[in-house]
Amino acid sequence: MLIILPPSETKAAGGDGSPLDFATLSFPMLNPTRENIASDLIRLHLSEALGVLGVSRKQQRLVEYNKMLLSSPTLPALLRFTGVLYDALSAPSLSPAAWRRLAVGDALFGLLMASDRIPMYRLSGNTKLPRPNGETPTMKSRWGQEISAALATVDEFIVDLRSGVYQQLGKVSGAATLRVEKRQPDGKLKVVSHFNKHYKGVAARMLAEHDGGITSARDVADVLRNAGMEIQLDAGSSELRLIVESPATSPMT
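Using our numbering, read the sequence shown as starting at 138 and increasing by one per residue.
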């Protein structure tokens, strides 16, 4: 099983690894596009970068990280990304086997395994990053079918926990997905927004630490149910729905 996580806008600074080496990254078929995107990020002048990347003058440091993309220290991807989902995942306490089951879908690198070492940077999946010739393609256009092709080489069953914008960068057929919904007082279900990442992080941890074979969406549902989650899965569907009563107060957290 391979669990694909979304990246995070928030990241841990610093690192203890050597600067970025594309040759060491998983899915090397993605390297030409990775290198082109990195080159265009580094090329951006400060004033232009602030607008392109959607950051304020107070966040200027984020742009400066991009300038040092090829020289700054690195961290494993699973430790570089922070935020609600990654707090719930608690990567430092995961087993080595769990690390091997986790990947991250990302705008700059396309697809990373958890232990791939990457620097601090700023780039979102909805960014239109200018090329030297003035074109401003979307990240979806830049990646084309490359991420999907890379995912097609994965032999394991895939659990895709990426958010919509990152799924669009490289769709994968047959993968299990997870939607978090809250049960309202009247019994109706409503899609959870703010706590969606938290519950996906909890679910990712449970799945990654599961040592039994997972080869279908039904297997995913069984593992999460056995962990105390309420899961709905329609016959013939690969979209699981995690039902919560009160975000961030459930006993499963």
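Yeah, the Cβ is synthetic: ideal placement off N, Cα and C, and Gly gets one too. Computed from a predicted model, the values in this text were never measured in an experiment.
Cross-strand partners of residue i (DSSP beta bridge)
i      : result
PRO397 : Outside the displayed range of the chain (138 to 390) lies residue 397, so it cannot be described from this structure.
ARG316 : ARG378
ILE368 : LEU379
LYS265 : THR275
GLY247 : ASP243
GLY154 : THR211
PHE218 : LYS148
ASP297 : ILE141 and THR314
Cβ shell of residue i (< 6 Å), same chain only, five flanking positions each side left out
i      : result
MET250 : SER163 and ALA240
VAL328 : GLU318
ARG342 : LEU226
LEU212 : GLY152
VAL221 : LYS334 and HIS335
MET175 : Looking at the sequence shown, residue 175 is not Met but Ala. Cβ within range, chain order: LEU206.
PRO143 : ARG299, SER300 and TYR303
Whole-angstrom C-beta distance between residue j and residue i, which should lie under 8 Å
i      : j      : result
ALA312 : VAL296 : 7 Å
LEU190 : ARG259 : 5 Å
MET138 : ARG299 : So it is not a contact: roughly 15 Å between Cβ atoms.
SER273 : THR219 : Looking at the sequence provided, one finds Thr at residue 273 rather than Ser. That belief does not hold up - the Cβ atoms of THR273 and THR219 are roughly 29 Å apart, past 8 Å.
LEU207 : LEU157 : 6 Å
PHE294 : SER353 : 7 Å
ILE255 : ARG194 : Not confirmed; about 26 Å, so no contact.
GLY154 : PRO210 : 6 Å
Burial state of residue i, where buried means 16 or more other Cβ atoms lie within 10 Å
i      : result
ALA234 : exposed
GLY151 : exposed
LYS337 : buried
HIS182 : exposed
ASP253 : buried
ARG198 : exposed
ARG362 : exposed
ALA372 : exposed
GLY324 : exposed
GLY349 : exposed
GLY262 : buried
PRO169 : exposed
PRO165 : exposed
GLN282 : exposed
GLN304 : buried
Spatial neighbours of residue i in its chain, beta-carbon cut-off 8 Å, leaving aside the 5 residues before and after
i      : result
MET389 : Bear in mind that a pLDDT of 45 at MET389, under 50, signals an unreliable position, so the model cannot answer this.
GLN321 : LYS327
ILE284 : LEU167, GLY242, GLY247, LEU248, LEU306 and GLY307
ARG171 : PHE159, LEU162, LEU245, PHE246 and GLY247
ILE131 : The structure shown does not extend to residue 131, since the chain is modelled only from 138 to 390, so the question has no answer here.
ASP408 : With the chain covering 138 to 390 only, the question about residue 408 has no answer from this structure.
GLU185 : PRO267
GLY398 : Residue 398 is absent from the structure shown; the chain starts at 138 and stops at 390.
Proximal residues to residue i (C-beta, below 7 Å), its chain only, five neighbours per side dropped
i      : result
ASN102 : What is shown of the chain runs 138 to 390, which leaves residue 102 out entirely.
THR386 : Confidence is the limiting factor: at THR386 the pLDDT is only 45, short of 50, which leaves the residue's position unreliable, though a coordinate-based value still follows. Once the five neighbours on either side are set aside, THR386 has no close Cβ partner at all.
ALA358 : ILE368, LEU370 and LEU377
SER232 : GLU346
VAL360 : MET343, LEU344, HIS347 and ILE351
ALA149 : LEU212, LEU216, ARG217 and THR219
GLY223 : The residue you asked about is not Gly; residue 223 is Tyr in the sequence shown. Taken in chain order, the residues that qualify are SER145 and GLY338.
THR275 : LYS265
VAL309 : SER285, LEU288, ILE295 and ASP297
Count Cβ pairs between the segment 285-295 and the segment 259-267 that sit closer than 8 Å; are there 3 or more? no
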